[in-house]
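First up is the structure itself, then whatever we jot down about it.
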Amino acid sequence: MTENSVQSAPAPEGGDQLSDELLQSVVEVARAIFGAQASSVFLLDEEAGELVFQAVAGRGEGFLVGRRFPASGGIAGWVVASGEAMVVDDLADNPAFDRGLAESTQYVPDSLMAAPLVHGERMLGVLEVLDPAVQSRSSLNELDLLALFAKQAAAALRVVADRRRLAAARGGLDPDGRQTALYLVESLQRLLETAPA
Amino acid sequence: MTATTQARERPALTWRLVDRTPAELPVVADGERIGPEWAWGGATGRSVRVCIVDSGVERDHPLVGPVDGSWAVVKTAVGGLEIVETEAGDACGHGTACAGIVRRTAPDCGLHSVRVLGEHASGTGEMLLAGLRWAVRQGFEVINMSLSTTRVRFVEELRALTDEAYFRGSVIVASAHNTPVESFPWRFASVISVGSHHEEADPEMYLYNPLPPVEFFAPGQNVQVAWLGGRTIRSTGNSFATPLIAGLCARILSKHPRMTPFQLKNALYLSAANVRAGTGGAQ
């Protein structure tokens, strides 16, 4: 991965307990099935051109959620741009693997599997599995299995996105905004009541 | 189920070969008894230009060697797309990996790159189309596309473009998607589509698939590929099966420069490891 830096970001906004549990279970099951050191789901923030750690199991579980990194390069970036899954090995001793992101997550993997999270035609993010068990590496069957999990994760991510949209629609104005809106509605009503016929 | 409904059923989508050995997939063909030696024996790809439509190619990578031209699709100030020469190299390593396999297979071919990925996280369908259109109109003899799009709104434009390439004599070698989903342009008959098989012993062994749309299976599992920084990694996927076939196309065309795309596909078919030309013509 060639991502150069990880910027700290607040915990994901608008997440609720059910959505978080759903995503967390996806990464935990992915980690268990592949016998991996870690598994993560990244949400794509298209406007910012960034990927955001949305759920993490294993290494980095306690502190990575909410962190962001550029989605324009690296293996995760290629997965987002191409919509294709990818499996790479031999990373740990390889200078070609830019450790900017990996080191900032306090874990540099030797092997990485990444699959796009797609719903319909929409790219939602990436599912990554770091250091799967040796028998799970570089095999076409494992790529299929990863794709199956990615499908599940995409559905979960879609639930998160929908819930956020709903929450935003419900709470579109802050208390001051709502007070102002109420005042405007009352004023309009008074105007209508007093206006000449 | 009636015979009619059976006939209407589409065959299952095959995009890779993992459950059978080449010996279990025999294809008896009519046609001349040509094989690899006739098709590309002694050829190195000289005088054939191969264009890698991907994330860019790292210059002077030991497994890639000279890159004769590097271009990129970029957004213009007014929101359009244009193709510009670039020194930017490779955004992630994927294009370099493909270029390395082409170079290994056809060591004397001319290598060119047009970068359609890596600039932005979205909008890649338009960039892919723009890059492919440019490559077709440059007249590259072989175009490697280890990429596809699932977006159906691009299908008709892509189909017209691959037809244009076919009639202009540019061979598009396109990866099937890594997962069993419909994507394009590998689904079109005008391109040479490639999926993976899991045999690792012979890096040049490829098969014809008697159940298209994926027409050929080439090594795609645990492949040693060029990567950024002049290094290599091992990777898995149809992306790395495709450039082997692109490289073989370059060798075939360097030996038989007047071949049309349909003749080239026939030569690949008759030279596949599991195809045995039977009668040599009608009986």
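Sequence lines, in order, name chains A and B. So for the first sequence, my numbering puts the first residue at 3; every next one is plus one. So for the second sequence, my numbering puts the first residue at 187; every next one is plus one. Note that beta-carbon positions come from the ideal geometry of N, C-alpha and C, so glycine has one too.
Item	Value
Span separating the alpha-carbon of residue 313 of chain B from that of residue 243 of chain B	17 Å
Residue 167 of chain A burial status per 10 Å Cβ neighbour count (16 or more: buried)	exposed
Continuous alpha helix (DSSP H) assignments of at least 4 residues falling wholly in the region 352-431 of chain B	none
Burial state of residue 84 of chain A (16 or more Cβ within 10 Å)	buried
Interface positions of the region 75-87 of chain A facing chain B (Cβ-Cβ less than 8 Å), listed along the chain	75, 76, 77, 79, 80, 82, 83, 84, 85, 86 and 87
Closer than 8 Å at the beta carbon, the chain B residues around residue 141 of chain A	384, 407, 408 and 422
Between the CA atoms of residue 435 of chain B and residue 403 of chain B - distance to the nearest angstrom	14 Å
For residue 98 of chain A, the three-state DSSP class (helix, strand or coil)	Residue confidence is low: residue 98 of chain A scores 48 on pLDDT, short of 50, so the model does not pin down where it sits. No coordinate-derived value is stated.
Chain A contact for residue 337 of chain B (CB, 7 Å cutoff)	yes
Collapsed DSSP secondary structure at residue 52 of chain A in the structure displayed	strand
Assigned exposure category for residue 262 of chain B - 16 Cβ within 10 Å defines buried	exposed
Any chain A beta carbon closer than 7 Å to residue 247 of chain B	no
Counted within 10 angstroms of its Cβ, other Cβ atoms place residue 252 of chain B as buried (16 or more) or exposed	exposed
Nearest candidate by alpha-carbon position, reference residue 317 of chain B, set B/224, B/365 and B/300	B/300
Option nearest residue 446 of chain B by Cα separation, candidates B/377, B/389 and B/347	B/377
Residue 237 of chain B - partner residues in DSSP beta bridges	B/298 and B/329
Distance between residue 76 of chain A and residue 418 of chain B (C-alpha atoms, nearest Å)	15 Å
Whole-angstrom distance between residue 373 of chain B and residue 351 of chain B, CA atom to CA atom	15 Å
Check: residue 343 of chain B C-beta below 6 Å from any heavy atom of the ligand SAM	In the structure on display, the ligand SAM does not appear, and there are no ligands present to speak of.
DSSP beta-bridge partners of residue 282 of chain B	According to DSSP, which records beta bridges pairwise, residue 282 of chain B is partnered with nothing at all.
Rounded C-alpha distance that separates residue 66 of chain A from residue 58 of chain A	7 Å
Within chain A, the residues that residue 333 of chain B reaches when beta carbons sit closer than 8 Å	84 and 86
Three or more C-beta pairs below 8 Å linking the region 450-462 of chain B and the region 203-216 of chain B	yes
Chain-ordered neighbours of residue 123 of chain A on chain B, where CB pairs are closer than 7 Å	336 and 337
Local Cβ density within 10 Å of residue 457 of chain B, reported as buried at 16 or more and exposed below that	buried
Stretch-stretch touch, CB-based, cutoff 8 Å, three pairs: the region 228-237 of chain B with the region 286-297 of chain B	yes
Bounding residues of the beta strand (DSSP E) (the contiguous stretch that carries residue 271 of chain B)	267-271
Within-7 Å CB hit, residue 321 of chain B to chain A	no
Neighbouring residues, chain B, relative to residue 159 of chain A (Cβ below 7 Å)	None at all; the shortest Cβ gap to chain B is about 15 Å.
Per-residue DSSP class, three states only, for residue 205 of chain B	coil
Residues near residue 319 of chain B by beta carbon distance below 8 Å, same chain, minus five either side	347
CB contact check: residue 22 of chain A to chain B, cutoff 7 Å	no
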